[in-house]
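Chains as they are written, first to last, in full-length UniProt numbering: chain A, 1 to 572; chain B, 1 to 572.
Below: the structure, in structure tokens.
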């Protein structure tokens, strides 16, 4: 116990926590983010990341996403956690405590109790020492398991040792059974483990984005931190018995196994950026509340996808140009279902689906490996240049049709409206389903609210830029004076240090560009507003401000991105 | 003479001028526009149009473009002008006057002298009575012929009668010969007659746009008022001996006569909007001077084009998909030449040229008639969705190539740059040639600076909206409070009163939409800022303001369009 008390003075860089040093700032940020109101969190999160206290840890974190990903190695350990400590305790004479009693202890005032594998723990005194910060309060009054499952860093023997010090009782057998029953009846119980670095917007269904600084640390986003956007629980699909059904073409229904898709059609790889329609919704929420997940700027990622061309599969199913006389859409149905059995669904224009240059893939690989469960294992459609929502995951059925998908997400969601349209006046039929997305860019470094020392003289500004429909980003302008003057950033279309890839053919620029500029700090000011705006090769520009593009669903948030940073003057 | 003096009190609605009533405001506006500084003109022009004085005439003018076009009927009269008055005068004993002497009389102070067919006229006293206003001063000290040729309304017997009253002498024979010689050596001397309603930005080469109110009076812009954008003199092309050469394909050079184009290939018609890259440049000029013609908001028009598909002609010349392995561009050369013999030229991506859905035409018809001389007679390329500059007129040669056109207009012009780029720092190689244009819209009614009576209670706002690349305009938002709140306008995709045309296939929305909204006048304000902004089906939006998209060539001016109107309160 005495040893543990010392933790307070040792964190975050005690020898005990040597491995935790890199992940600490991120975990801390997640915690803060989940526990307090959103706009405050972000400020605090970024302040944390950029305060001198965390700088050392952050430097390591940003040195390479590889470092962050190392924590993924702990995932599998979760399955074979050492319960010896707990078994040993079971022979002791701790009192039996009901879940009702545990539930009463959910705050520092009432005490913070948690359960873990049938044990009850009063961790009130540990809260302040928790390397992950206040996030631990999310588990107060309930079970630790779901949180530790998300943040695999806990699955280490010394963490269990720490926990054992706080034991105060045994959960009643009846309540323990209930806990286990809840878990197994939870449709999300089979959702995969996720990388702890992700900022979670919603746990069930799981929606999360990587921290912005990490996002643009690599040109190809590692799958583990690629933003996750699930509408429903992740279905468990057996790749051996998986079947894809292709309907609506003269050849009748074509049914293909995963093996068929891999062997009967040439494999193509396409590097394509996917972006959620709601990326940057949080900026619209600041104008006026909208309906939807409060995405930051990182609901966008870039991966290399491998699979069969949808065009080839449609041709195999009997597609011919006559079909285009009556059919105008290709519908997709996922294997993910809600409680009524309704699947996720969407559609794209037939023209995009069958175009040789459309590059629509039935992808079974992401970044050179099988699709991860969160990204549609074993098969998803990747529609380059098109909003994420049409890139249906866990793809089970393709229907060539005269009509768009009738799904909620195609008909009554993911559409843009005028700022003057509200939920009383909206007519979803009056707007087209979002397909191609407009020009977008954002600043990932420095973070909003961070502080720069005047002695640095310059600031390095980094970010991403992308446009839908295969339109190539041709320029990113950056302003350090709130938009009065502009400098042109350096564009990057491959991993840093590698030569740029070949220019994509006209209309097939599916991947984002990262960008960077080192700009002199403006003199005689203590706060700088940094802005970025991108231009694509149709010379579309981002709108200046959020309110005029505000819409009730908070989609298509692509105004100039702005961050404010403070300049700390030298003390002398 | 006495009769003429009475004109002062009779204009503009004297029985004498009954036919002039409709055209008067427009001619007046042209005059003001040409004689004073640009930004002032526009204000004055619009004030004129909307002052009660002109309202009656304007109402007639706007009732239908047909009324305006009626003046075109006078064109041919110019060729057979009645010179009886002048012949008669020649027998009289007017003194001989040199051009040098005439040139000294160029102002109201020094007297305003002009020449016409060898006669010298002191029209000082007539200036104030001129129905076309001060524009008459443009001719001061020189010949009337070029101005009367532009404004055919003068070619009427009673105008010659009026002129004869002011005769003061005969131009010396030597100077008359010089005048005629100048005319014949002028490379622009064979340029066609133009419609007098056009606002002229440059006479040589001829560049002009219609008045905004007339522009959106018809969905299909009549050819006579379709904006004119010439880089060089209009070439005289004999349709019988005309040849088009198609080069760079495996089949060798294919040479086609106009007859070949009309008979060997199916005729297609496409309704497509063309827009000059410099449309709305005047708004950029107000931020900071740019290089280029000071276009208002009407360097955009919509026509129905008829001709052979470029794709069909390229296939006939031997195009096959293997060509796309090495060729990426299709270059066009016009028959219009500068003094060094250099022709106008441009190129488009091969992909656009050969795409079945690209709808690129080798057009020999405009609005159901042979192409007018100003629009490329006998053949031009029409590249729907692409900036006007690539729609090469008087087309003489097509070259399939690995390279873009090397012409000045492709390489060192018609490109977009950051607002921070100036003529000292610009690197034209760093930006792509403009092809597809971004989303655009503007307000054509009411005019900036006009006044509305409070008693009207509502204001009808009208305009156009268009996007490049076949992207369809899906919404136009209108604000009457400077952008704080927005209403959705009614879109119109056919002539008013006719049913809307069928929705264009995805990616083939080549024609603009006109729009209209009747909105209540905001209470308790004497000035209203009306703004429009459009959205296309890739949900691209117009940028809010001009300065952040300002560029040294003043192209791509597509910020929100704003007009300010005054509300005149009722007198009671």
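A virtual CB, placed ideally from N, CA and C, is assigned to each residue, including glycine.
Using a cut-off of 8 Å between C-beta atoms, extract the partners of residue i located in chain B.
{"i": "residue 351 (chain A)", "result": "357, 505, 506 and 507"}
{"i": "residue 419 (chain A)", "result": "477, 485 and 486"}
{"i": "residue 439 (chain A)", "result": "540"}
{"i": "residue 292 (chain A)", "result": "What residue 292 (chain A) touches in chain B: nothing, since even the nearest Cβ is about 16 Å away."}
Is it true that the CB of residue j sits closer than 7 Å to the CB of residue i?
{"i": "residue 239 (chain B)", "j": "residue 336 (chain B)", "result": "no"}
{"i": "residue 574 (chain B)", "j": "residue 480 (chain B)", "result": "Outside the modelled stretch of chain B, which goes from 1 to 572, sits residue 574 (chain B), for which no answer is possible."}
{"i": "residue 382 (chain B)", "j": "residue 466 (chain B)", "result": "no"}
{"i": "residue 122 (chain A)", "j": "residue 173 (chain A)", "result": "no"}
{"i": "residue 141 (chain B)", "j": "residue 177 (chain B)", "result": "no"}
{"i": "residue 317 (chain A)", "j": "residue 261 (chain A)", "result": "no"}
{"i": "residue 483 (chain A)", "j": "residue 531 (chain A)", "result": "yes"}
{"i": "residue 433 (chain B)", "j": "residue 410 (chain B)", "result": "yes"}
{"i": "residue 274 (chain B)", "j": "residue 388 (chain B)", "result": "yes"}
{"i": "residue 405 (chain B)", "j": "residue 363 (chain B)", "result": "no"}
{"i": "residue 536 (chain A)", "j": "residue 476 (chain A)", "result": "no"}
In or out: residue i buried (at least 16 other Cβ within 10 Å) or exposed?
{"i": "residue 369 (chain B)", "result": "exposed"}
{"i": "residue 170 (chain B)", "result": "buried"}
{"i": "residue 325 (chain B)", "result": "exposed"}
{"i": "residue 526 (chain B)", "result": "exposed"}
{"i": "residue 458 (chain B)", "result": "exposed"}
{"i": "residue 568 (chain B)", "result": "exposed"}
{"i": "residue 554 (chain A)", "result": "buried"}
{"i": "residue 329 (chain B)", "result": "buried"}
{"i": "residue 447 (chain B)", "result": "buried"}
{"i": "residue 454 (chain A)", "result": "exposed"}
{"i": "residue 456 (chain B)", "result": "exposed"}
{"i": "residue 322 (chain B)", "result": "exposed"}
Among the options, which has the Cα closest to the Cα of residue i?
{"i": "residue 309 (chain B)", "options": "B:440, B:214 and B:265", "result": "B:265"}
{"i": "residue 543 (chain A)", "options": "B:142, B:289, B:565 and B:438", "result": "B:438"}
{"i": "residue 380 (chain A)", "options": "A:105, A:258, A:192 and A:112", "result": "A:258"}
{"i": "residue 431 (chain A)", "options": "B:488, B:320 and B:168", "result": "B:488"}
{"i": "residue 215 (chain B)", "options": "B:302, B:288 and B:389", "result": "B:302"}
{"i": "residue 243 (chain A)", "options": "A:316, A:398 and A:420", "result": "A:398"}
{"i": "residue 449 (chain A)", "options": "A:563, A:95 and A:104", "result": "A:563"}
{"i": "residue 97 (chain B)", "options": "B:440, B:111 and B:175", "result": "B:175"}
{"i": "residue 95 (chain B)", "options": "B:120, B:116 and B:104", "result": "B:120"}
{"i": "residue 319 (chain B)", "options": "B:416, B:354 and B:127", "result": "B:354"}
{"i": "residue 425 (chain B)", "options": "B:115, B:250, B:551 and B:558", "result": "B:551"}
If the cut is a Cβ gap below 7 Å, which residues of chain A does residue i touch?
{"i": "residue 483 (chain B)", "result": "548"}
{"i": "residue 569 (chain B)", "result": "Within 7 Å Cβ-Cβ: nothing; residue 569 (chain B) doesn't reach chain A, min ~27 Å."}
{"i": "residue 545 (chain B)", "result": "544"}
{"i": "residue 554 (chain B)", "result": "Per Cβ cutoff of 7 Å: no residues; residue 554 (chain B) is ~13 Å from chain A at best."}
{"i": "residue 468 (chain B)", "result": "538"}
{"i": "residue 278 (chain B)", "result": "Residues of chain A passing the Cβ test: none, with the nearest at roughly 13 Å."}
Residues of chain B with a CB under 7 Å from the CB of residue i: which are they?
{"i": "residue 537 (chain A)", "result": "432"}
{"i": "residue 474 (chain A)", "result": "431 and 432"}
{"i": "residue 436 (chain A)", "result": "538"}
Taking residue i as the query, report the chain A residues whose CB atoms sit under 8 Å from its CB, ordered along the chain.
{"i": "residue 233 (chain B)", "result": "The contacting residues do not exist; residue 233 (chain B) stays about 30 Å from chain A at best."}
{"i": "residue 169 (chain B)", "result": "Residues of chain A passing the Cβ test: none, with the nearest at roughly 57 Å."}
I want to check one thing, is the minimum distance from the CB of residue i to the heavy atoms of the ligand MG below 6 Å?
{"i": "residue 394 (chain A)", "result": "Ligands in the displayed structure: none, and consequently the ligand MG is not present."}
Which chain B residues sit within Cβ distance under 9 Å of residue i?
{"i": "residue 575 (chain A)", "result": "A question about residue 575 (chain A) goes unanswered here, because the residues of chain A that appear run from 1 up to 572."}
List the residues of chain A that residue i touches, going by C-beta distances under 9 Å, in chain order.
{"i": "residue 501 (chain B)", "result": "What residue 501 (chain B) touches in chain A: nothing, since even the nearest Cβ is about 17 Å away."}
**Length-filtered (3 minimum) beta strand (DSSP E) runs lying within the region 292-323 of chain B** = 300-309
**Request:** Report the residue ranges of all alpha helix (DSSP H) runs contained in full by the region 368-418 of chain A; include only those spanning at least 4 residues, in chain order.
**Result:** 408-411
**Message:** Extract the residue ranges of the beta strand (DSSP E) inside the region 461-520 of chain B, only unbroken runs of 3 or more that lie entirely within it.
**Reply:** 473-479, 490-492 and 513-520
**Prompt:** Fully enclosed by the UniProt domain "Cytochrome b5 heme-binding" (94-172) of chain A, which beta strand (DSSP E) runs are 3 residues long or longer?
**Reply:** 111-116, 119-122 and 167-171
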